[in-house]
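S.K.: When the letters of the sequence shown are read in order and numbered with the working numbering, they come out as residues 439 to 617.
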Amino acid sequence: MIDVVLNSRCVRKLKRELRTAGTSEIGGVLAAEQVGDGRFLVLDLSVQRNGTNSHFERDPVQHRAFIRQFHERMGRKPARFNYLGEWHSHPAYPATPSDVDFRQMQCLVEDGEQKSTFLVLLIVKLGVRGELRGSAFGFRPGFAPIRGRLRGIEAGAVQEELVPVFLVLGSGKGKHDTN
């Protein structure tokens, strides 16, 4: 089981950015501390604001710089503090990955230039009462994605989106954009 916990600062940052973005998709990368076997505390996340109402494509240059700065702040201890994966919003759809999201994340984790052997995809949105809703999925080369547990460090800070998810397996070749 994968357990993804957002610290309070990340919950506030996501809610603020999602309110500002409105109906546009936004996203970025997750920087986390591994606090146990399969358990990760998200300490920071980057934000890229150039999405449309149904599409988000990340800028790898911006996100590499963000992760480099995170490593410097954490004293260059990559076994403990590292890039965990990607996040983006689905303001108009359920906060679960689309079939395109699944294919592109699987392609990303299997990319030979990618040093990570495990990645998380977090999909988030604001609920009707302004609450943070989301889902987390883990990806490994050669394995089907698995649903993880998503929560905030404070009880009730994040509501898991539990709608059914259907995987459509196929080629994820192409750009690593998410929608």
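Idealized CB from N, CA, C, for every residue including glycine.
Apply the 10 Å Cβ neighbour rule to Q486 and answer buried if 16 or more other Cβ atoms are within range, or exposed otherwise.
M.R.: Within the sequence shown, the letter at position 48 stands for residue 486. Its Cβ being crowded by 16 or more others within 10 Å, Q486 is buried.
S.K.: Of the choices F540, R587, R496, whose alpha-carbon is the least far from that of L444?
M.R.: By 1-based counting over the sequence shown, the position of residue 444 is 6. Among F540, R587, R496, the Cα nearest to that of L444 is on R587.
S.K.: Please confirm whether L560 and G523 have their CB atoms less than 8 Å apart.
M.R.: The residue labelled residue 560 in the question sits at position 122 within the sequence shown. The residue labelled residue 523 in the question sits at position 85 within the sequence shown. Result yes, Cβ atoms of L560 and G523 sit closer than 8 Å.
S.K.: In terms of alpha-carbon separation, which member of V442, S536, H526 lies closest to K453?
M.R.: Position 15 of the sequence shown, counted from the first residue, corresponds to residue 453. Ranking V442, S536, H526 by Cα distance to K453 puts H526 first.
S.K.: What does the alpha-carbon distance come out to for the pair D497 and F575?
M.R.: The count along the sequence shown starts at 1 and reaches residue 497 at position 59. The count along the sequence shown starts at 1 and reaches residue 575 at position 137. Between D497 and F575, the C-alpha separation is close to 21 Å.
S.K.: When burial is assigned at 16 or more other CB atoms within 10 Å of the CB, is L468 buried or exposed?
M.R.: As a working note, residue 468 is residue 30 in the sequence shown. Looking at its Cβ environment, which holds 16 or more other Cβ atoms inside 10 Å, L468 is buried.
S.K.: With DSSP collapsed to three states, give me the class of F482.
M.R.: Here residue 482 refers to the residue found at position 44 when the sequence shown is read from its first residue. A small correction: the amino acid at residue 482 is Asp; Phe does not occupy that position in the sequence shown. Of the three classes helix, strand and coil, the one that applies to D482 here is strand, per DSSP.
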